[in-house]
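Take a look at the structure set out below.
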Amino acid sequence: MNERSPVESLADIRHEFGEHGGVNMSVEASTTFTVMDPSTIPEIFEGGKGPDEGGCYLYGRHYNPTVYNLARQLAALEGSEAAYCTSSGMGAIAATFLQICESGDHIVASNTIYGGTYALLHDFLPAKAGITGTLVDINDLESVAKAITSDTRLIYAESFSNPMLRVANVPALARLAHGHGVKLVIDNTFSPLLMTPIELGADIVVHSMTKFISGASDIIAGAVCAEEKVIRGMMDVQMGPLMLFGPTMDPKVAFDLSLRLPHLSLRMAEHGRRAAIMAHELDALGLDVIYPGLTHHPDHELARHLCRHDYGFGGVLGLDVGSEEAANQLMERLQNGYRFGYMAVSLGFFDTLMSCSGSSTSSELTDADKAAAGISPGYIRLSIGYTGSLNQRLEQLRGALADVGLIKSDPTPD
Ligand code: PLP
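Residues 169 to 582 in the numbering used here are what the sequence shown lists, from first letter to last.
What follows is the structure in structure tokens.
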């Protein structure tokens, strides 16, 4: 993978000046926009005029200048022609599936994906839209190929999977998808900047910007990054799921997020640095730690090959402590005894967040699907934050592990 520095990659993001020359973009709060000539309105409806065709706006659910500016920054971040910012990650994912698939169509998806996406594919879409899904081990390319039928329209995977941190072989999946005339859609929520799936051959990237891109656990947001014609199709006034379901981002949210993109690279680098140090520490203590940066992780070489090295191997790690009871005890000590982090779902926050995946963000999965994905009841997902000093955090971690008997005693050298 190329070695673009964080600064270079952020320099690719187009800067928007405010209305009066402000160094930040302006917030355009209007939901509706006037025209000087009545004939312009039908032209906008027909797609002949728009933000890039005469600077024309119509209605906020369609385009808003502030949200559109953020979308262009997301497109630059992901190397796509265009993007659309949504009010949540699920809004982006659902709209993408509904754009590509019609009733009767089929999706091949990774068996380790976020529980909400699993429920959408496994329960909601078959019942409500007649769109079916087959879940496969996405790293077993033969199984992926076998699952493709004449009705398949897309292959779906997460770049770094939630919660098991399997790494998608995007170039191989893209070759497979394109060989069968289907699209490859990648959820890049866990690895913005770390991986750029469109550069590696994916057709569409979706994001939950609620996570690392926001970085403060205060905003629910998402994005779809794709070719211009795909995004325009999704915004079609007659058949576009973005227009008709309306998962539109609020302009004030778009403005807030625009102030966070410039330091995303610094945050990702520090999340990744600390997660790597903690993963190595837990590994050295003989614990069952899952982190793509560890040489014994099944996708370590793949991650080394596909990821930008400035960001380590991501800010999330997994720790399997054997049982849900042991997981709960450890998280309780880490939060209430040592203030190491918080027992909360989600990820990408500046503080560490810990959750027991099987009983929280993957609880939608059937027991059989949890087992197939490798999610055991004692699996804790930790999104490593960057507050406090690293040494202090390592001491807290060792202290809590010792308290619950997972290591003998604090083995810190004098
Ligand atoms: N994709 C992944 C990988 C996630 O982890 C999540 C949420 O946890 C989502 C999508 C959904 O995002 P949102 O909560 O912003 O709708």
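Where a beta carbon is used, it is the ideal one built from N, C-alpha and C, also for glycine.
Problem set entry | the ligand PLP heavy atom lying under 7 Å from the CB of I388 | Counted from its first residue, the sequence shown places residue 388 at position 220. I388 Cβ: within cutoff of the ligand PLP.
Exercise. Taking 7 Å as the cut-off, does the CB of M522 come closer than this to any heavy atom belonging to the ligand PLP?
Worked result: Here residue 522 is taken as the residue at index 354 of the sequence shown, counted from 1. Flag unset: Cβ of M522 not near the ligand PLP.
For this session: For T285, verify whether its CB is less than 7 Å away from any heavy atom of the ligand PLP.
Result: For this step, residue 285 is matched to residue 117 along the sequence shown. Result yes, Cβ under 7 Å from the ligand PLP.
Exercise. Is it buried or exposed for V191, if we count other Cβ within 10 angstroms and need 16 for buried?
Worked result: Locating residue 191 in the sequence shown gives position 23, where the first residue counts as 1. Counting Cβ neighbours within 10 Å, V191 comes out exposed, since fewer than 16 surround it.
Problem set entry | Rounded straight-line distance, which links the Cα of P219 to that of Y231 | Residue numbering aside, residue 231 sits at position 63 when the sequence shown is read from its first letter. Residue numbering aside, residue 219 sits at position 51 when the sequence shown is read from its first letter. Their Cα atoms are separated by approximately 8 Å.
Exercise. At a cut of 8 Å, does the segment 240-247 reach the segment 261-272 through at least three beta carbon pairs?
Worked result: no
Problem set entry | contact_flag[the segment 392-399, the segment 276-295] where n(CB pairs < 8 Å) is 3 or more | no
Problem set entry | Between the CA atoms of G215 and D535 - distance to the nearest angstrom | By 1-based counting over the sequence shown, the position of residue 535 is 367. By 1-based counting over the sequence shown, the position of residue 215 is 47. If I take the Cα positions, the gap works out to 47 Å.
Problem set entry | Contact between the segment 376-388 and the segment 335-354 (3+ Cβ pairs under 8 Å) | no
Exercise. Thinking C-beta only, is L361 closer than 8 Å to S311?
Worked result: Position 143 of the sequence shown, counted from the start, is the residue given in the question as residue 311. Position 193 of the sequence shown, counted from the start, is the residue given in the question as residue 361. Going by C-beta atoms, S311 is not nearer than 8 Å to L361.
Exercise. Sorted by chain position, which residues of the same chain lie with C-beta nearer than 8 Å to H183's C-beta, five sequence neighbours on each side aside?
Worked result: Here residue 183 is taken as the residue at index 15 of the sequence shown, counted from 1. Counting only Cβ-Cβ distances below 8 Å, and skipping sequence neighbours, we find nothing.
Problem set entry | Any non-hydrogen atom of the ligand PLP within 7 Å of I354 CB | The residue labelled residue 354 in the question sits at position 186 within the sequence shown. No, Cβ of I354 sits at least 7 Å from all heavy atoms of the ligand PLP.
Exercise. Exposed or buried, Q564, counting other C-beta atoms within 10 Å across all chains shown (16 or more means buried)?
Worked result: Against the sequence shown, residue 564 aligns to sequence position 396. Its Cβ being crowded by 16 or more others within 10 Å, Q564 is buried.
For this session: Alpha carbon to alpha carbon, how far is L303 from L453? Give it in angstroms, no decimals.
Result: Here residue 453 refers to the residue found at position 285 when the sequence shown is read from its first residue. Here residue 303 refers to the residue found at position 135 when the sequence shown is read from its first residue. Distance between the alpha carbons of L453 and L303 is about 34 Å.
Exercise. Rounded to the nearest angstrom, how far is the Cβ of R549 from that of S525, given a contact under 8 Å?
Worked result: Position 381 of the sequence shown, counted from the start, is the residue given in the question as residue 549. Position 357 of the sequence shown, counted from the start, is the residue given in the question as residue 525. Rounded, the Cβ-Cβ distance is 5 Å, consistent with contact.
Problem set entry | With 16 other Cβ atoms within 10 Å as the buried cut-off, status of P430 | For this step, residue 430 is matched to residue 262 along the sequence shown. It counts as exposed.
Exercise. Which residue's Cα is closest to the Cα of R474: I212, A370, I543?
Worked result: Looking up residue 474 in the sequence shown gives position 306. This sequence places Leu at residue 474; Arg is not what is there. Nearest C-alpha to L474: A370.
Problem set entry | CA-to-CA distance, G480 to F508, given in whole angstroms | Indexing the sequence shown from 1 puts residue 508 at position 340. Indexing the sequence shown from 1 puts residue 480 at position 312. Near 22 Å, if we compare the C-alpha coordinates of G480 and F508.
Exercise. Just the Cα atoms here: how many angstroms apart are T463 and S491?
Worked result: The count along the sequence shown starts at 1 and reaches residue 463 at position 295. The count along the sequence shown starts at 1 and reaches residue 491 at position 323. Cα to Cα, the separation comes out at about 25 Å.
Exercise. If E354 and V373 are in contact, beta carbons under 8 Å, what's the gap, nearest whole angstrom?
Worked result: Taking the sequence shown and counting its residues from 1, one reaches residue 354 at position 186. Taking the sequence shown and counting its residues from 1, one reaches residue 373 at position 205. For the sequence presented, residue 354 should be read as Ile rather than Glu. With a Cβ gap of about 5 Å, I354 and V373 count as contacting.
For this session: Flag S154 as yes when its Cβ comes closer than 7 Å to any non-hydrogen atom of the ligand PLP, and as no otherwise.
Result: As displayed, the chain neither begins before 169 nor continues past 582, which places residue 154 out of reach and without an answer.
Exercise. Relative to the C-alpha of Y547, which residue among I275, A325, L498 is closest?
Worked result: As a position in the sequence shown, residue 547 is number 379, starting the count at 1. The candidate whose alpha carbon is nearest that of Y547 is L498.
For this session: Would you kindly check if the distance between the Cβ of N330 and the Cβ of F292 is under 8 Å?
Result: Numbered from 1 along the sequence shown, position 124 holds the residue referred to as residue 292. Numbered from 1 along the sequence shown, position 162 holds the residue referred to as residue 330. Against a cut-off of 8 Å, the Cβ pair of N330 and F292 comes out as no contact.
For this session: Would you mind giving the Cβ-Cβ distance between L333 and P460, rounded to the nearest angstrom? I have them listed as a contact below 8 Å.
Result: In the sequence shown, the residue the question calls residue 333 occupies position 165. In the sequence shown, the residue the question calls residue 460 occupies position 292. At roughly 6 Å, the Cβ-Cβ gap stays under 8 Å, so L333 and P460 are in contact.
Exercise. For the ligand PLP, any of its heavy atoms closer than 7 Å to the Cβ of S514?
Worked result: Against the sequence shown, residue 514 aligns to sequence position 346. S514: yes, Cβ under 7 Å from the ligand PLP.
Problem set entry | Paired residues, beta bridge with M522 - DSSP | For the purposes of this step, residue 522 is taken as residue 354 along the sequence shown, with counting starting at 1. Note: M522 sits in a beta bridge opposite M511, L550.
For this session: Check whether the Cβ of E196 lies closer than 7 Å to any heavy atom of the ligand PLP, and answer yes or no.
Result: Position 28 of the sequence shown, counting from 1, holds the residue named residue 196. Not so, every heavy atom of the ligand PLP lies at least 7 Å from the Cβ.
Exercise. Does any heavy atom of the ligand PLP sit closer than 7 Å to the C-beta of S376?
Worked result: Within the sequence shown, residue 376 is the residue found at index 208, counting from 1. Yes, since a heavy atom of the ligand PLP falls inside the 7 Å radius drawn around the Cβ of S376.
For this session: Assign F413 to one of three DSSP states: helix, strand, or coil.
Result: Within the sequence shown, residue 413 is the residue found at index 245, counting from 1. Here F413 sits in helix by DSSP.
For this session: Find out if the Cβ-Cβ distance for the pair A389, V338 is shorter than 8 Å.
Result: Here residue 389 is taken as the residue at index 221 of the sequence shown, counted from 1. Here residue 338 is taken as the residue at index 170 of the sequence shown, counted from 1. Not a contact, by the Cβ cut-off of 8 Å.
For this session: Specify whether the segment 435-450 and the segment 551-570 touch according to this definition: at least 3 beta carbon pairs, one from each stretch, less than 8 Å apart.
Result: yes
Problem set entry | Which of helix, strand or coil DSSP assigns to D291 | Counting from one through the sequence shown, the residue named residue 291 turns up at place 123. In this structure, D291 counts as helix in the three-state DSSP scheme.
Exercise. In the DSSP assignment, what are the bridge partners of C269?
Worked result: For the purposes of this step, residue 269 is taken as residue 101 along the sequence shown, with counting starting at 1. In the DSSP output, where bridge partners are listed per residue, C269 has none listed.
Exercise. Would DSSP call V191 helix, strand or coil?
Worked result: Translated into positions along the sequence shown, residue 191 becomes position 23. Of the three classes helix, strand and coil, the one that applies to V191 here is coil, per DSSP.
Exercise. Nearest CA to the CA of Q406: which residue from H188, M204, F213?
Worked result: Sequence index remark: in the sequence shown, residue 406 carries index 238 (1-based). When each option's Cα is compared against that of Q406, the closest is F213.
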